[in-house]
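**Student:** Going by my numbering, the residue at position 61 of the sequence shown is 120; the numbering climbs one at a time, nothing skipped.
After the structure tokens below, expect a handful of questions from me.
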Amino acid sequence: MIGMMFWQSKKAKQQQAERKDFRSNLQPGTEIITIGGIIGKVVSVDTEYEEIVIDSEGSKIRFGFNAISREYVRPAYVHDDEVDENGNPLPAATEQEAQPVDEPQTDKVEEESKNV
60 MIGMMFWQSK KAKQQQAERK DFRSNLQPGT EIITIGGIIG KVVSVDTEYE
110 EIVIDSEGSK IRFGFNAISR EYVRPAYVHD DEVDENGNPL PAATEQEAQP
160 VDEPQTDKVE EESKNV
């Protein structure tokens, strides 16, 4: 029990140190996301007052360092036509065209009547 408490405390301190290091090393031009979900580029950093100014689509907003969540990484865009209903990628169009098309099956009764 004491070991678990020590491990959790150590991990929390490590995460806090990583966040502090990230915030203190922010440079203008870095794209970030706030804890409120606002995405923007860093315009200026004031380490004395622990404030940061970001530009989000032409609006400049000032935040405290504690409001910065992390560096923003834009997720890869996947068009809906490129995945099936379960989110799995579909084979490329060239692969689909290369597959042979099944020939239409005829009724055996029709073939037998022609042979008679």
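Glycine included, every Cβ here is placed at the ideal spot set by N, Cα and C.
Return the Cβ separation of residue 92 and residue 129 in integer angstroms, given the expectation that the two are a contact with Cβ distance under 8 Å.
**Tutor:** For this step, residue 92 is matched to residue 33 along the sequence shown. For this step, residue 129 is matched to residue 70 along the sequence shown. Confirmed, Cβ separation roughly 6 Å.
**Student:** Could you pull the start and end residues of the alpha helix (DSSP H) that residue 62 belongs to?
**Tutor:** Within the sequence shown, numbered from 1, the residue matching residue 62 stands at position 3. Unbroken alpha helix (DSSP H) run through residue 62: 61 to 83.
**Student:** Who does residue 115 pair with in a DSSP beta bridge?
**Tutor:** Residue numbering aside, residue 115 sits at position 56 when the sequence shown is read from its first letter. Bridge partners of residue 115: 118.
**Student:** In the DSSP assignment, find the unbroken beta strand (DSSP E) run with residue 105 in it and report its ends.
**Tutor:** Start at 1 with the first residue of the sequence shown, and residue 105 comes out as number 46. Its beta strand (DSSP E) spans residues 98 to 105.
**Student:** Closest to residue 99 by C-alpha separation, out of 111, 147, 65, would be which residue?
**Tutor:** By one-based count along the sequence shown, residue 99 stands at place 40. When only C-alpha atoms are compared, the closest one is 111.
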